[in-house]
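Structure record follows, encoded as structure tokens.
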Amino acid sequence: MKLHFAPNSRAGRIVWLLEELELPYEINKMAFHPSDLKSDEHRARHPLGRVPVLDDGDVSIYESGAIVEYVLERHKNGGLKPAVDDPMFPEYLQWFHYCEGMVMPPVNTIVVQTVLLPPDRRDETALGQAQRLLTKALAPVDEALEGREYLIGDFSGADIMLGHACFMANRLGCVTDEMTNLKGYVERVAARPAFKKAIEMQ
Ligand SMILES: N[C@@H](CCC(=O)N[C@@H](CS)C(=O)NCC(=O)O)C(=O)O
Numbered sequence: 000m001k002l003h004f005a006p007n008s009r010a011g012r013i014v015w016l017l018e019e020l021e022l023p024y025e026i027n028k029m030a031f032h033p034s035d036l037k038s039d040e041h042r043a044r045h046p047l048g049r050v051p052v053l054d055d056g057d058v059s060i061y062e063s064g065a066i067v068e069y070v071l072e073r074h075k076n077g078g079l080k081p082a083v084d085d086p087m088f089p090e091y092l093q094w095f096h097y098c099e100g101m102v103m104p105p106v107n108t109i110v111v112q113t114v115l116l117p118p119d120r121r122d123e124t125a126l127g128q129a130q131r132l133l134t135k136a137l138a139p140v141d142e143a144l145e146g147r148e149y150l151i152g153d154f155s156g157a158d159i160m161l162g163h164a165c166f167m168a169n170r171l172g173c174v175t176d177e178m179t180n181l182k183g184y185v186e187r188v189a190a191r192p193a194f195k196k197a198i199e200m201q
């Protein structure tokens, strides 16, 4: 497998997954810059010039969640996905998809409004709305983590998705001190050796 990667991006989720599963992979490291991501070469892999993209033989697939599912189903489950009849399966699906559906949209806006846009084009109102929305979206995650180490109890693919998003939200200062379960969760995620490897990869 070959992972098309840029630092400080969702491509870290796939490094994290492949490291957790101890699967062999190659990395195509690109800069998080239009010169690499919007090149004709990368647009041929992803029409919007985004990461992650995974190549596996004749298969080329994008969307981090789809890639996680693809690897778990086609390569190795490693106990990271509960069976369909497992009582935790519905929650696994819920948190897996809550990541891109509910948490990442405000994270994206915050990154755009604080990092990507030049200061004279930033919009304080849009930033404030996104920060409030993110804090609201994280509250049910904090609640679900009461008495649990990971989202469905045991570590799973849902953590690869939403755990990564929570780590990013914490970095952006949107995990409040009152969200004690979530704070502890982010610390547990960040302490995993496979996660460290993914985050430190530049
Ligand atoms: N929903 C997609 C989002 C992909 C995405 O937006 N990736 C960002 C990095 S986290 C990107 O490549 N941004 C570059 C750009 O927008 O130019 C996924 O989960 O893979």
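When you line the sequence shown up against numbering that gives the first Met the number 0, it's residues 0 to 201, in that order.
We put the CB at the ideal spot given by N, CA and C, even for glycine.
What is the residue span of the alpha helix (DSSP H) that D141 lies within?
In the DSSP assignment, D141 falls within the alpha helix (DSSP H) that extends over 123-143.
CB S59 to CB R9, shorter than 7 Å?
In this structure, R9 does not lie closer than 7 Å to S59 by Cβ.
Say yes only if the C-beta of S63 is nearer than 6 Å to one or more non-hydrogen atoms of ligand 1, and no if none qualify.
Yes, the Cβ of S63 comes within 6 Å of a heavy atom of ligand 1.
Compute the Euclidean distance between the alpha carbons of G162 and D119, then round it to the nearest angstrom.
Straight-line Cα distance between these residues: approximately 33 Å.
By DSSP, does S59 sit in helix, in strand, or in coil?
Three-state DSSP puts S59 in a strand.
Heavy atom of ligand 1 within 6 Å of E68 beta-carbon
Every heavy atom of ligand 1 is 6 Å or more from the Cβ of E68, so no.
Can you pull the DSSP bridge partners for H3?
For H3, the pairing in a beta bridge is given by DSSP as N27, V52.
Relative to the C-alpha of F166, which residue among L2, P23, V140 is closest?
Considering only alpha carbons, the answer is V140.
Alpha-carbon to alpha-carbon, L115 and V185
Looking at the two C-alpha atoms, the distance is approximately 25 Å.
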